[in-house]
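Heads up: the structure comes next, in structure tokens.
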Amino acid sequence: MVFVSFAQNFEDVLLWRALKDRAVGFYVDIGATHPDAGSVTRAFYERGWHGLNVTSLAHAQRRLSASRPRDESLWLAVGRTKGPATLQRVEGSDLATLDADTSDAWAADGHRLTSVAVQMETLQSLLQKHAPADIHFLRIDANGAELEGLAGADLAANR
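Each residue of the sequence shown is one higher than the one before, starting from 0 at the first, in numbering that gives the first Met the number 0.
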């Protein structure tokens, strides 16, 4: 079978080289926005894999849920703690962040930003509720807030 890359920088190709001997597997995609364009997980989904998609944008969650029925797609932000959060979204795009430096840079570049209220969960609580024991890869793209998202995980328990 020909492998078609959907990821921006061929991350899916590199992952496939490492995981191609696995018939099916489970992925976690934090910061997912589109089921196809720029997707690190699309090629895996096509091969029978499934996973957990987490997006801070409601429209992206609806789009992922409609296109990926085997996946669980959640509308949440991922951070160090649980509770309400406010992110900044670039109007007319799928770009959003909890990171003030990133949103300031976007604004300085002339982008119009909108504040969006979202519920925040820890990565640990999401993995406990929605992931099996074997997670084959985790992708996290939080536009500058990656460390904040990882701080809410027990990486010794989830390897």
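Every residue, glycine too, gets a C-beta built ideally from N, C-alpha and C.
Please read these numbers as outputs of a predicted model, since none were measured by experiment.
Going by C-alpha positions, P131 is about 8 Å away from F25. In the displayed model, G91 falls within coil according to three-state DSSP, outside both helix and strand. Fully enclosed alpha helix (DSSP H) runs of no fewer than 4 residues occupy 57-66 and 99-107 of the segment 51-110, in order along the chain. With a cut-off of 8 Å on Cβ pairs, the segment 30-44 is not in contact with the segment 113-127, counting fewer than three such pairs. Note: D28 is bridge-paired with N52 and R138 in the DSSP secondary-structure output. An exposed status is given to S92, since fewer than 16 other beta-carbon atoms sit within 10 Å of its beta-carbon. Distance from the Cα of L73 is smallest, within the candidate group T85, G47 and A31, for A31.
Its chain contains V77, G78, R79, T80, K81, G151 and A152 as the residues whose beta carbon lies nearer than 8 Å to that of T121, once the 5 sequence neighbours on both sides are disregarded; these appear in chain order.
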